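Here is the structure we will look at.
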Amino acid sequence: LKMLEILNSRSLNAAGDPNRFKASVVCDMLGRLCPLAGSMGGILARIREELMRAVYVDYKDGVSPFAMKPYFVAAQASAAESKDAARERDSLLNQLAERDEKIQVQKKIIRDLREESQTAKLDAAWTRTKQNNLEVQLLQRPTGKHGMSEEAEDEMLEMQ
1 LKMLEILNSR
11 SLNAAGDPNR
21 FKASVVCDML
31 GRLCPLAGSM
41 GGILARIREE
51 LMRAVYVDYK
61 DGVSPFAMKP
71 YFVAAQASAA
81 ESKDAARERD
91 SLLNQLAERD
101 EKIQVQKKII
111 RDLREESQTA
121 KLDAAWTRTK
131 QNNLEVQLLQ
141 RPTGKHGMSE
151 EAEDEMLEMQ
């Protein structure tokens, strides 16, 4: 009768199911019933042992059920660890995506700088070619007051 009162107590059922404390109380009570069960005591003891093996991760014969961890507690801890690992994975994936974006921006900057460099090189080559052509023209034309043709003087002034 006292055991039924304990099983029905509010404090035992307040935490809901599955409940680590309730599982420990039930297994402990079953162990206390074994010596009182007479010829059925051995069967009850065997049932209790199998039940405890099924319920407790770290089952050891002779250890109080209050000192062991039930599988559902281990599963909850494992689920929490799994959620933490998933959050960490998502965070790392976000960091990788951000780095990828930065790398793409840097690659675009490098491409743009290369294009600008090529354009500057082409402009410099064009200017040298134009200058060389002017020098050739100057050497081939009759000279004006500064020793060059008037057209060449005008072009040189434009370049400066």
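The sequence shown lines up with residues 1 to 160 when you count with the UniProt record's numbering. The beta-carbon is built from N, C-alpha and C at its ideal position, and this holds for glycine as well. No experiment lies behind these values; they were computed from the predicted model shown.
Continuous alpha helix (DSSP H) stretch holding residue i: start and end
| i | result |
| --- | --- |
| N19 | Run containing N19: none; DSSP gives neither H nor E here. |
| A85 | Y71 to Q140 |
| M68 | First-last for M68: undefined, no H or E at that position. |
| A37 | Taken as a continuous stretch (DSSP letters only), A37 belongs to no alpha helix (DSSP H), as it is neither H nor E. |
| V55 | G41 to V55 |
Proximal residues to residue i (C-beta, below 6 angstroms), its chain only, five neighbours per side dropped
| i | result |
| --- | --- |
| G31 | R48 |
| F72 | P18 |
CA nearest to the CA of residue i, picked from the options
| i | options | result |
| --- | --- | --- |
| E158 | Q131, A97 and L139 | Q131 |
| S64 | I109, D84, D28 and A77 | D28 |
| V55 | L134, K102 and F21 | F21 |
Nearest-angstrom Cβ-Cβ length linking residue i and residue j, presumed shorter than 8 angstroms
| i | j | result |
| --- | --- | --- |
| L33 | L44 | 6 angstroms |
| A37 | P70 | The pair is not a contact, with the Cβ atoms about 24 angstroms apart (cut-off 8 angstroms). |
| V57 | A74 | 5 angstroms |
| P35 | G41 | 6 angstroms |
7 angstroms Cβ shell around residue i - same chain, five flanking residues per side excluded
| i | result |
| --- | --- |
| N94 | none |
| R53 | Y59 |
| L113 | none |
Beta-carbon proximity list for residue i, same chain, < 8 angstroms, skipping 5 on both sides
| i | result |
| --- | --- |
| S117 | none |
| K60 | M68 |
Assigned secondary structure, residue i (DSSP; H/G/I helix, E/B strand, else coil)
| i | result |
| --- | --- |
| D61 | coil |
| S24 | helix |
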